[in-house]
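Visitor:
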Amino acid sequence: MLQLQFIRENKEAVLQGLQKKNFKELNLVDEIIALDEQKRKTQTEAERNKSELNVMAKEIGNLMKRGLQEEAEAMKQKSGASRDAQKAMEDKLEELEKSLYENLVKLPNMPHASVPFGKTPEENENIYQEGEIPALFEGALPHWEITSKYDIIDFEMGNKVTGAGFPFYKGKGARLQRALINFFLDEALKAGYNEVQPPIVINKESGFGTGQLPDKEGQMYYVGIDDLYLIPTAEVPITNMYRDVILKEEQMPTKNVGYTPCFRREAGSYGAHVRGLNRLHQFDKVEIVQIAKPEDSYATLDTMVEHVKGLLQKLGLPFRILRLCGGDMSFNSALTFDFEVYSAAQQKWLEVSSVSNFEAFQTNRLKCRYKNAEGKNVLAHSLNGSALALPRIVAALLENYQTPEGVILPKVLQSYCGFELIN
RNA sequence: GGAGAGUUGUCCGAGUGGUUUAAGGAGCACGCUUGGAAAGCGUGUAUGCUAGUAAUGGUAUCGAGAGUUCGAAUCUCUCACUCUCCGCCA
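Here the numbering used here is used: the first sequence runs in plain steps of one and ends on residue 433.
1. According to DSSP, is ALA397 helix, strand or coil?
2. If you count every other CB in all the chains shown that lies within 10 Å of the CB of LEU36, and 16 or more means buried, which is it?
3. PHE16 lies in the alpha helix (DSSP H); which residues open and close that run?
4. Would DSSP call PHE347 helix, strand or coil?
5. Would you mind listing the beta strand (DSSP E) stretches within the stretch 43-69 that are 3+ residues and don't spill past its ends, in chain order?
6. Smallest Cα separation from GLN300: which of HIS391, LEU290 and LYS226?
7. Name the residue from GLU197, ASP338, GLN187 and LYS30 whose alpha carbon lies nearest to the alpha carbon of ALA123.
8. From PRO414, TYR411, GLN15 and VAL404, pick the residue whose C-alpha is nearest to that of ARG185; which is it?
9. Report yes or no: do three or more beta-carbon pairs, one from the stretch 200-218 and one from the stretch 175-184, lie closer than 8 Å?
10. Determine which residues share a DSSP beta bridge with LEU327 and list them.
11. Pick from LEU393, GLN139 and VAL351: whose alpha carbon is nearest that of VAL365?
12. Which of the three DSSP states is assigned to PRO271 in this structure?
13. Quick one: what's got a C-beta closer than 7 Å to LYS324's C-beta in the same chain, skipping five residues either side?
14. By how many angstroms is the C-alpha of LEU28 removed from the C-alpha of VAL332?
15. Taking contact to mean at least 3 C-beta pairs separated by less than 8 Å, is the stretch 226-243 in contact with the stretch 268-278?
16. Evaluate the contact criterion for the stretch 128-135 versus the stretch 302-315: three or more CB pairs, one atom per stretch, below 8 Å.
17. How far does the beta strand (DSSP E) with GLU140 in it extend, from its first residue to its last?
18. Tell me the rounded alpha-carbon separation between GLU55 and MET99.
19. Taking the C-alpha atoms as reference points, what is the distance between CYS335 and GLU133?
20. Kindly indicate the opening and closing residues of the beta strand (DSSP E) around PRO255.
21. In this structure, does DSSP put ASN72 in helix, strand or coil?
22. Is GLU369 close to the ligand COA? I mean its beta-carbon at under 8 Å from any heavy atom of the ligand.
23. Any contact between the stretch 109-122 and the stretch 366-377? By contact I mean 3 or more CB pairs, one from each, below 8 Å.
24. With a threshold of 8 Å, are at least 3 pairs of Cβ atoms found where one atom belongs to the stretch 88-107 and the other to the stretch 142-156?
25. Would you kindly report the start and end of the unbroken beta strand (DSSP E) that includes VAL299?
26. Please report the residue range of the alpha helix (DSSP H) in which LYS342 lies.
This is the structure:
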């Protein structure tokens with residue numbers, strides 16, 4: 011959620027930003043400004059009246075104490091009449107606040123100045139590429155055939171027990187998952203992150219805090235009996251640790267890493283591009299989350315990008331980094347870098363990480379602030395990134411490292427797995 | 001799941017309708033005192049919105065929400081959470 015004061019004072023910049031983000035309802039900005047003006051006027055009025063009522067109530071108390079019943083009664087009458095007016099003003103104020111909020115949460119975040127113009131993924135800016143694209147042998151297979159050839163991931167079993175998109179990982183497949191999680195967590199620990207194991211179901215307040223609700227309600231699994239949601243990413247519980255929190259300056263930045271399964275309904279997607287591990291309803295991910303001072307957040311974003319880069323280098327996977335264009339960025343983000351690995355048998359790039367700075371967009375809703383050196387409370391900036399999401403990494407590892415004799419794992423994973431070859 | 005007791009500021013804790021402007025204590029900050037420190041003394045010490053250049057003021061917040069009342073931390077209702085006991089249980 012953008013800050014009202016910012017919108018009020020930077021209307022032109024806001025309009026330009028929204029256009030870059032390919033946001034259509036530009037009239038909302040004027041509406042918000044008008045509502046805000048009305049709201050403040052009403053609030054001033056209501057509070058002045060309330061102040062008078064408070065004085066009268068106190069006076070009645072004094073009169074009663076001194077035994078002046080009649081005077082007290084007279085004032086009660088007067089006060090009672092004013093109370094109805096008060097109620098009306100407060101109702102109006104509440105109404106205005108509600109529609110102001112409803113409009114405000116519809117506005118996406120402002121894109122950072124470096125965000126390129128564009129509407130589609132094709133217009134994302136390729137800013138970095140590294141690693142050799144392997145030339146595969148004759149008869150090389152896509153990962154969904156490798157997994158069944160070596161019986162390491164069982165999609166049919168998942169279909170039977172749960173449904174599509176919930177595979178079983180078996181034998182070396184399960185061990186590879188565990189190895190990757192440990193590897194990613196260990197690397198994050200080395201980079202100074204604090205490991206947390208958050209809950210994987212969250213309440214409504216947390217869903218609102220990080221912006222999944224109300225917009226993406228249909229994308230989350232909902233546990234109706236207890237009014238809870240399965241998390242789509244560890245970002246939600248980990249960032250919400252800081253909801254309604256005022257951090258001390260020396261606590262900044264907070265650096266947390268967590269491994270969780272993630273659940274996404276992915277309503278509406280189907281077909282070849284979601285085949286195998288490309289898109290699942292349940293998948294594993296290690297997520298890094300930082301809360302930073304506003305002046306440091308872009309430097310922080312760079313360190314997170316470097317961290318993810320390091321992971322892919324160690325795994326020896328060819329990858330590229332995209333700076334997302336305005337139209338392809340998420341609602342919440344001010345600047346996002348996507349990481350894609352090349353999947354040799356499918357001959358396409360697969361997104362494995364998304365690293366973003368949300369600036370104060372999430373923290374404004376979360377009310378996550380920090381007390382700066384001058385003792386002022388200011389909204390912190392929140393950032394997060396996948397480091398990394400497992401399924402597509404597994405897909406790329408299986409495809410890129412396959413040989414006629416089996417899949418030879420990269421060195422860094424061999425000790426984590428306890429084996430070198432999947433056959 | 002059942003029964004009971006709770007939830008007050010940074011912390012402890014008083015407070016069953018009106019000088020509560022939330023007592024008192026601790027902590028923390030600053031000042032005085034001191035050779036220096038401790039003790040002592042003094043002052044300050046929440047958050048949001050809002051008015052104002054500011055100083056400062058208004059308003060709301062005692063787990064959350066609604067209600068009763070001229071007036072609610074205090075009374076009523078709903079909900080959440082914590083603790084104790086019982087039941088169940090990895």
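The C-beta atom is built at its ideal place from N, Cα and C for all residues, glycine as well. Since we're looking at a predicted model, the values are computed, not measured.
Guide: According to the data block:
1. Residue state, collapsed to three classes: strand.
2. Exposed, since its Cβ has fewer than 16 Cβ neighbours within 10 Å.
3. Counting along the chain, the alpha helix (DSSP H) containing PHE16 begins and ends at 14-19.
4. Shown here, PHE347 sits in a strand according to DSSP, grouped into three states.
5. Runs of beta strand (DSSP E) with 3 or more residues, each lying fully within the stretch 43-69, are absent.
6. Per the C-alpha coordinates, the member of HIS391, LEU290 and LYS226 positioned closest to GLN300 is HIS391.
7. Closest by alpha carbon: LYS30.
8. Checked all of PRO414, TYR411, GLN15 and VAL404; the closest Cα to ARG185 is VAL404.
9. The stretch 200-218 is not in contact with the stretch 175-184.
10. Beta-bridge annotation (DSSP): LEU327 is not paired with any residue.
11. When only C-alpha atoms are compared, the closest one is LEU393.
12. DSSP places PRO271 in strand when its eight states are reduced to three.
13. Annotation for LYS324: VAL422 place their beta carbon closer than 7 Å to its own, counting only its chain and skipping 5 residues before and after.
14. A small fix is needed here, since residue 332 is Leu in this sequence, not Val. Whole-angstrom Cα-Cα distance: 21 Å.
15. Contact holds: three or more Cβ-Cβ distances are below 8 Å.
16. They do not touch, by the three-pair rule.
17. Its beta strand (DSSP E) spans residues 135-140.
18. Straight through space, the alpha carbons of MET99 and GLU55 are spaced by roughly 8 Å.
19. In this structure, the straight-line span from the alpha carbon of CYS335 to that of GLU133 is close to 6 Å.
20. First, the amino acid is wrong: residue 255 is Val here, not Pro. Start and end: 255-257.
21. In the structure shown, ASN72 falls within a helical segment according to DSSP collapsed to helix, strand and coil.
22. As far as ligands go, the structure on display features none, and thus does not contain the ligand COA.
23. Three or more beta-carbon pairs drawn from the stretch 109-122 and the stretch 366-377 are found closer than 8 Å, and the two stretches are therefore classed as touching.
24. Segments in contact, no.
25. Where VAL299 is concerned, the enclosing beta strand (DSSP E) starts and stops at 292-302.
26. It is Asn, not Lys, that sits at residue 342 in the sequence shown. Taken as a continuous stretch (DSSP letters only), ASN342 belongs to no alpha helix (DSSP H), as it is neither H nor E.
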